[in-house]
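To start, the structure under review is shown below, and the notes come after it.
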Amino acid sequence: AHHNLRHIVFGGEALELRTLKPWYARNGEATRLVNMYGITETTVHVTYRPLQAEDAERRGPSPIGVRIPDLRLYVLDEQRQPVPVGVSGELYVGGAGVARGYLDRPALTAARFVADPYGPPGSRMYRTRLAVRRPTIAKHAPISSSQSRIMPTTAASPMTVSSPTTTRAAVRPMGAGPE
Numbered sequence: 003a004h005h006n007l008r009h010i011v012f013g014g015e016a017l018e019l020r021t022l023k024p025w026y027a028r029n030g031e032a033t034r035l036v037n038m039y040g041i042t043e044t045t046v047h048v049t050y051r052p053l054q055a056e057d058a059e060r061r062g063p064s065p066i067g068v069r070i071p072d073l074r075l076y077v078l079d080e081q082r083q084p085v086p087v088g089v090s091g092e093l094y095v096g097g098a099g100v101a102r103g104y105l106d107r108p109a110l111t112a113a114r115f116v117a118d119p120y121g122p123p124g125s126r127m128y129r130t131r132l133a134v135r136r137p138t139i140a141k142h143a144p145i146s147s148s149q150s151r152i153m154p155t156t157a158a159s160p161m162t163v164s165s166p167t168t169t170r171a172a173v174r175p176m177g178a179g180p181e
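Now the structure itself:
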């Protein structure tokens with residue numbers, strides 16, 4: 003059936019890319035399919051990724067793309083310092099898109115929305131509680147490039163984050179087991 007759709011945006015749950023094979027077989031790439039990843043604490047979305055037909059051939063986690071321009075991504079240790087290559091840390095999100103906190107939940111707000119020492123004075127960042135490990139060479143720890151790439155996975159398998167300065171990082175929920 004012919005249609006005039008220009009964009010289809012996926013969000014909410016992890017996208018199983020292989021389920022898009024029939025779409026691409028019938029429709030090609032005339033309609034732009036976009037995968038988005040986000041958390042409520044960042045006013046819904048953190049990243050986006052326009053998809054291509056070859057993505058439907060991928061196995062494993064779906065790529066969720068580049069950061070939304072008003073956000074910054076960091077990989078930090080327990081003292082909120084940038085982690086070196088190969089060392090696990092926690093993924094933090096900073097920037098204008100991060101919420102100010104939780105309504106009527108000051109203790110939880112204080113625990114999750116913390117000062118952002120890498121952003122402008124007075125800025126906050128959100129603790130995602132996702133463990134991240136940078137297995138390849140990086141020039142600096144904050145993942146703030148618009149070229150950052152993130153791929154989600156289940157708690158049992160790693161997530162990856164990469165950019166021109168960080169080519170890969172494995173991510174899993176804190177306490178998900180040994181590295």
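Take any residue in the sequence shown, count from 1 to its spot, add 2: that is its number in the working numbering.
Cβ coordinates follow ideal geometry from the N, Cα and C atoms, glycine included.
With THR49 and ARG69 assumed to form a contact (beta carbons below 8 Å), what rounded beta-carbon distance in angstroms separates them?
-> 5 Å
In three-state DSSP terms, what is GLU80?
-> coil
If you check the beta carbons only, do THR33 and VAL100 fall under 8 Å apart?
-> no
Check SER159 in the structure and name its three-state DSSP category.
-> With a pLDDT of 31 at SER159, under the threshold of 50, the predicted position of this residue should be treated as unreliable, though the coordinate-derived value follows. Residue state, collapsed to three classes: coil.
Measuring CB to CB, does GLY55 end up less than 8 Å from GLU31?
-> Here residue 55 turns out to be Ala, not Gly, going by the sequence shown. Yes; because the gap between Cβ atoms is below 8 Å, this pair is in contact.
Euclidean distance between Cα positions of GLY103 and THR111 = 5 Å
Please report how far the alpha carbon of GLY177 lies from the alpha carbon of ARG131, in whole angstroms.
-> Reliability of the predicted coordinates at GLY177 is poor, the pLDDT of 46 falling under 50, and the value obtained from them is presented with this limitation in mind. Roughly 9 Å between the two C-alpha positions.
How long is the line joining the alpha carbons of PRO122 and ARG61, rounded to whole angstroms?
-> 39 Å
So is VAL85 buried or exposed if we call it buried at 16+ other beta carbons inside 10 Å?
-> buried
Among all the DSSP beta bridges, which residues are the ones paired with VAL11?
-> VAL36
What residue range is occupied by the uninterrupted beta strand (DSSP E) comprising ARG51?
-> 49–52
Check the DSSP bridge columns for GLU92 and list the partner residues they point to.
-> LEU78 and ALA133
Find the nearest neighbour of ARG28 within the set PHE115, HIS4, ALA109 and TYR94, judged by alpha-carbon distance.
-> HIS4
Beta-bridge partners of ARG2, as assigned by DSSP | As displayed, the chain neither begins before 3 nor continues past 181, which places residue 2 out of reach and without an answer.
Given GLU18 as reference, the closest of ALA58, PRO71, GLU80 and ALA98 once Cα atoms are compared = ALA58
From this set, ARG107, PRO24, MET38 and VAL95, which residue's C-alpha is nearest ARG129's C-alpha?
-> VAL95
For ARG107, count neighbouring C-beta atoms within 10 Å of its own C-beta (all shown protein chains included) and say buried if the count is 16 or more, exposed if not.
-> exposed
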